Amino acid sequence: MKRLLRSGLIVLPALLATEVRSQPRPPRTVSAPVATARAPATPDGFSPGLKTDPTTVLTEPETPKPAYLARVSPAPFGVPIMRIANDAGLPTTPVRGTWGTDARHVYSKQQPWNADETLISIENRGASGSPTPLILDGVTYRPKYAPCPSYKLWDYRWHPSRAHAHEQINVDQSGTELMWYDVEACRKTRSWSLPIAADYGIGSGEGNPSNDGRFVLIAGTTQIYVVDMDPKPPFAGYPNHRIGPALDVSNCGLPSCKIDWAGMSASGKYAVASLPEEDNLRVFDVDPVTLALSPHAMPASSFRCHGTPAAGYLYSLGHADVAVNPFDDNEDVIVGQDECHLIGQTRGGTVISHVMMARLRDGRITALTDPSNEAYAHHISMRSISRPGWAYVDYFQEDGKRFSDEVVAVKLDGSKAVQRFAHKHSVFDKCYRCESHPAPSPDGRRILMASNWAEHCGSGCGSTADIEDYLIDARAPLPHGARDVPGGRQRGSR
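The sequence shown begins at 125 in our numbering and counts up one residue at a time.
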């Protein structure tokens, strides 16, 4: 399902492909608060106290809205949460500006953290909100950067590689220029003129580059094509422009062939396009030499509710995200909410649940949760690319059901193992931006969720019109003498 277009950005036409420079940022500063708590950690650095029983129904308590940058640990999870957007109308100190009524990350499939987790990008919109987007410090969570004056940002993603940690991949508003832009140096580092204008950015607003940051899929109104942004031998490297031929997907065999969203698979081996109505997913092979796209034929035995195997159709999944599955030889997969509407029924020996996974190679489906008394799943994110094997999911509020109003992570091995983090406390009926859209950090141990904190909040409710980002911190508490530093946690002396 395509997310709504953002408003309030003024973007000029694309510049030529020459490098553009503007005033660089001031020298970087590092804040390193010292922790005094001592606690063991799980092998992957998570707090050892996380709730992992998938069978328990957890009652959502009446919890007052947290203050700005106040660390609280609400029951029943006990996982620390912090509001990282201040009250509307207050200054965005130390950056010049004012907090708006809608200060939150973009979407569950758009990574808010940069690759080394030193920076977090959020939007600062609504009444009085400026500047937007706003880049926060990844340790203190205070505002750090306003947009660079020369940056014609529109639909952007952090580059997923640590080698390009300060760069964003962006398509301008005209849809005719793809670029890499260093947001610390305020400098365009790479640029491509697009042969067919993008119909809203990177994969219609919901796509992502491959996990290595090399390939990106551009979708026009009826055509899709691949750009190799970082060619490797035997191909000439950048600035050689390697762009594949466009494939027309307007004759898809369904009543509606409009592209809802499109993106690269995590490995870059496939492209995926989602068609509207029931989130009908098609898989395309990417020719490694020519970058040409062609439908990836599925086995006739694979199950789908719309389309044909020959045309590359998968099981229909909503609000879905792609990843590689380390429990299945790093096969490309996609995980989303069931859109075939078969909850509890059996197809091919699989009992359909609210959270389903489909393998891109052959369409094989796997239920990742148990549908028994399970609340309705909402959005899925697998932006935790440094922690493959888990999908982050939020659920609708259905009191009395498992996972009601929760943010959880589910394991991709089919074991139905979960980690349970927090309740969302957001009223979002007829309010898209009030939806929480949880997005994990690259290492998966921190999660951003948006909320107006107007649900199950007792006498301390927020206004339904004030939407702010909350950070869930599931990392193990720092041992004595350790410091929180950008890019990770390490020991240090007092």
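Yeah, the Cβ is synthetic: ideal placement off N, Cα and C, and Gly gets one too.
Note that the coordinates shown come from a computational prediction; the quantities given were computed from them, not determined experimentally.
Exposed unless 16 or more other CB atoms sit within 10 angstroms - verdict on residue i
| i | result |
| --- | --- |
| residue 183 | exposed |
| residue 595 | buried |
| residue 499 | buried |
| residue 598 | buried |
| residue 286 | exposed |
| residue 275 | buried |
| residue 283 | buried |
| residue 470 | exposed |
| residue 349 | buried |
| residue 460 | buried |
| residue 170 | buried |
| residue 562 | buried |
| residue 582 | exposed |
| residue 554 | exposed |
| residue 490 | buried |
| residue 546 | buried |
| residue 359 | exposed |
| residue 414 | exposed |
| residue 351 | buried |
| residue 411 | exposed |
| residue 181 | exposed |
| residue 277 | buried |
| residue 619 | The structure shown does not extend to residue 619, since the chain is modelled only from 125 to 618, so the question has no answer here. |
| residue 214 | exposed |
| residue 516 | buried |
| residue 465 | exposed |
Coarse secondary structure for residue i, derived from DSSP in three states
| i | result |
| --- | --- |
| residue 287 | helix |
| residue 142 | Its pLDDT being 36, under 50, residue 142 is placed unreliably by the model, and nothing is read from it. |
| residue 339 | strand |
| residue 556 | helix |
| residue 486 | coil |
| residue 545 | strand |
| residue 452 | helix |
| residue 497 | coil |
| residue 294 | strand |
| residue 458 | strand |
| residue 195 | strand |
| residue 520 | coil |
| residue 215 | strand |
| residue 416 | coil |
| residue 409 | strand |
| residue 222 | strand |
| residue 527 | coil |
| residue 600 | coil |
| residue 303 | strand |
| residue 434 | coil |
| residue 324 | coil |
| residue 160 | Residue placement at residue 160 cannot be trusted, given a pLDDT of 32 that sits under 50; the coordinates are not used to answer. |
| residue 180 | coil |
| residue 318 | coil |
| residue 606 | strand |
| residue 491 | strand |
| residue 536 | coil |
| residue 442 | strand |
| residue 170 | strand |
| residue 347 | strand |
| residue 235 | coil |
| residue 505 | strand |
| residue 188 | coil |
| residue 511 | coil |
Whole-angstrom C-beta distance between residue j and residue i, which should lie under 8 Å
| i | j | result |
| --- | --- | --- |
| residue 369 | residue 361 | That pair is no contact at about 21 Å. |
| residue 241 | residue 508 | The pair is not a contact, with the Cβ atoms about 11 Å apart (cut-off 8 Å). |
| residue 548 | residue 539 | The pair is not a contact, with the Cβ atoms about 25 Å apart (cut-off 8 Å). |
| residue 377 | residue 432 | 6 Å |
| residue 178 | residue 526 | 7 Å |
| residue 208 | residue 593 | 5 Å |
| residue 589 | residue 187 | In fact, because the Cβ distance is near 20 Å, the residues do not count as touching under 8 Å. |
| residue 600 | residue 176 | About 15 Å separates the two Cβ atoms, so there is no contact after all. |
Task: In chain order, each beta strand (DSSP E) run of at least 3 residues that lies wholly inside the segment 567-596 - done: 570-575
Open item on the list: Would the segment 503-518 count as touching the segment 435-454 if we require 3 or more Cβ pairs under 8 Å?
Closed with: yes
TODO: Pair every Cβ in the segment 529-536 with every Cβ in the segment 250-270, then say whether three or more of these pairs are closer than 8 Å.
DONE: No: the two stretches stay apart, fewer than three of their Cβ pairs being nearer than 8 Å.
Task: Segments of 3+ residues assigned as beta strand (DSSP E) that fall wholly inside the segment 241-292 - done: 243-249, 258-261, 267-269 and 279-282
Open item on the list: Can you confirm whether the segment 522-532 touches the segment 468-477 when touching is taken to mean that 3 or more C-beta pairs between the two stretches lie within less than 8 Å?
Closed with: no
Open item on the list: Just to confirm the assignment: which complete beta strand (DSSP E) runs, minimum length 3, are found wholly within the segment 351-403?
Closed with: 385-388 and 394-399
Task: the segment 316-331 / the segment 339-347 touching (three or more Cβ pairs under 8 Å) - done: Segments in contact, yes.
Open item on the list: Using a Cβ distance threshold of 8 Å, determine whether the segment 293-305 contacts the segment 238-258, with at least three qualifying pairs required.
Closed with: no
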